[in-house]
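Read the structure below first, then the notes.
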Amino acid sequence: MSTILEPGQIEASAVMPPFLHLPPANLFELRAARLEHLAEGHALGDYLRLVARLCRVQQQLVDNPPGGLPVAAERQRLCISHGLPPLAADSLVREGPWLDWLQSLIDRFDTEPEGPLADALGTLRGSSDAQRKGWAIALLGGQYDVVPAALVPFIGAALQAAWSSWLLALPEPELKPAGSLAQCPACGSPAMAGVVRNRGKHNGLRYLACSLCSCEWHVVRVKCVYCESSKGLRYSSLEDDRHAPGKAPLRAECCPGCQGYLKQSYLENDAAAEPLADDLASLALDMRLDEEGFHRLAPNLMLAPG
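Reminder that position 80 of the sequence shown reads as 79 in numbering that gives the first Met the number 0, one-by-one numbering, no gaps.
Shown next, in the form of structure tokens:
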């Protein structure tokens, strides 16, 4: 049985942008390379290189998963049919299928026998599954004061590797927009940053990148993703961008209504930009916006605020 589309439906279908943009299978390898590039001459170069090392371990885990997709097909179907994220972080983090990923990451990460990294890994190795779950629940809930700061990048890396792998394992997910513009339709986590794409059917479209699974979903431009206002939005970039006005590769969309902001990478100005890496490399912009009274609501699971 064929369906006949009316002229208006044909036009709407033709202009409807793709809702999802899934991460590539080598996401963490690309992220590591970007971090190493940004680390050159950067004040936080050592930290960026540390995160790059973690990214390479994340890629090893994705290439050889320590566990399969923890959500049965029927549960996926029910979630999607009801407009719920099939990889809901708030439930899966408590069920614990990601714990094998954390243990594998700890086992694979090489470091010196002494020093801060060795101490952090020692704390993780000596912790119970219940403690690890508690830290992860707090991290995903934004309760950073509950998680020792040195453990954040390791726990965050394990969570990201697990959820990204599960996302790529979903059978062609037909996900629907979540209740909030800034909420991931795949796992329900908040967006970390925005990306304005520059190629093919995604050209000129804004996608928000999930802080957990790296799923990207389409949200129209020039609209605050938190309060949905379009009034008085301004775009701020680092003062030392050395780019013409409006051509900075990374800008923060600042809303005077709710005082929130979200960083955005513009791939037409820097095709190699990567949401997590470029976010970490632009923390100076966060500090400046904080002084101006704006509030960051987008988490980066590889760094504890402050």
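Think of the CB as a built atom: it goes at the ideal place given N, C-alpha and C, for glycine as much as any other residue.
Endpoints, alpha helix (DSSP H) assigned at Ser235: Note, Ser235: premise wrong, no alpha helix (DSSP H); beta strand (DSSP E) at Arg233 to Ser235.
Cutting at 6 Å between CB atoms, please list the residues of its own chain near Pro64, excluding the five before and the five after it. Ser164
Leaving out five residues on either side along the sequence, give the residues of the same chain with a beta carbon under 8 Å from the beta carbon of Pro96. Gly66, Pro69 and Ala161
Does Phe262 pass the burial test, meaning 16 or more other C-beta atoms within 10 Å, or should it be called exposed? Looking at the sequence provided, one finds Lys at residue 262 rather than Phe. Lys262 should be labelled buried.
By the three-class DSSP mapping on this structure, what secondary structure does Ala271 have? coil
Excluding the 5 residues flanking Leu166 on each side, which residues of the same chain have their C-beta closer than 6 Å to its C-beta? Ala185, Cys212 and Cys214
Please report the straight-line C-alpha distance between Ser188 and Gly178, rounded to a whole angstrom. 12 Å
Nearest candidate by alpha-carbon position, reference Asp311, set Arg131, Arg76 and Gly231: Coverage of the chain is limited to positions 0 through 305, which leaves residue 311 absent and any answer about it impossible.
Quick check on the DSSP output: the beta strand (DSSP E) that includes Leu300 runs from which residue to which? Note, Leu300: premise wrong, no beta strand (DSSP E); not H, not E.
Just the C-alpha distance for Arg295 and Val195, rounded to the nearest angstrom, thanks. 19 Å
If we count the other Cβ atoms within 10 Å of its Cβ and call it buried at 16 or more, is Met15 buried or exposed? exposed
Suppose the cutoff is 6 Å on Cβ atoms and the five residues either side in sequence are ignored; what does the same chain contact list for Ala51 look like? Ala31, Leu34 and Glu35
Out of Arg220, Leu116, Arg205 and Ala137, state which residue places its alpha-carbon closest to the alpha-carbon of Leu266. Arg205
Euclidean distance between Cα positions of Cys223 and Asp285: 17 Å
Is the segment 81-89 in contact with the segment 42-57, if contact means three or more CB pairs nearer than 8 Å? no
Hey, how far is the Cα of Phe153 from the Cα of Asp269? 29 Å
Keeping to the same chain, check which residues put their C-beta closer than 8 Å to that of Ala303; ignore five residues upstream and five downstream. Tyr143, Val146, Ala148 and Val151
Around the C-beta of Glu290, are 16 or more other C-beta atoms found within 10 angstroms, so that it is buried, or is it exposed? exposed
Measure the CB-CB distance between Met191 and Leu288 and report whether it falls below 8 Å. no
Taking the C-alpha atoms as reference points, what is the distance between Gly155 and Ser80? 29 Å
Per-residue burial, Val218 [other beta carbons within 10 Å of its own, 16 or more giving buried]: buried
Keeping to the same chain, check which residues put their C-beta closer than 6 Å to that of Ala168; ignore five residues upstream and five downstream. Leu68
Would you tell me roughly how many angstroms separate the C-alpha atoms of Leu300 and Glu227, rounded to the nearest one? 25 Å
With Ser229 and Arg250 assumed to form a contact (beta carbons below 8 Å), what rounded beta-carbon distance in angstroms separates them? Actually they are not in contact, since the Cβ atoms of Ser229 and Arg250 sit about 16 Å apart, beyond 8 Å.
Output the residue ranges of the alpha helix (DSSP H) runs that lie fully inside the segment 83-122 and measure 4 residues or longer, sorted by chain position. 88-94 and 98-107
Using the C-alpha atoms, what's the distance from Asn197 back to Phe18? 16 Å
Given Pro172 as reference, the closest of Trp216, His201 and Ala208 once Cα atoms are compared: Trp216
Please classify Ser213: does DSSP put it in a helix, a strand, or coil? coil
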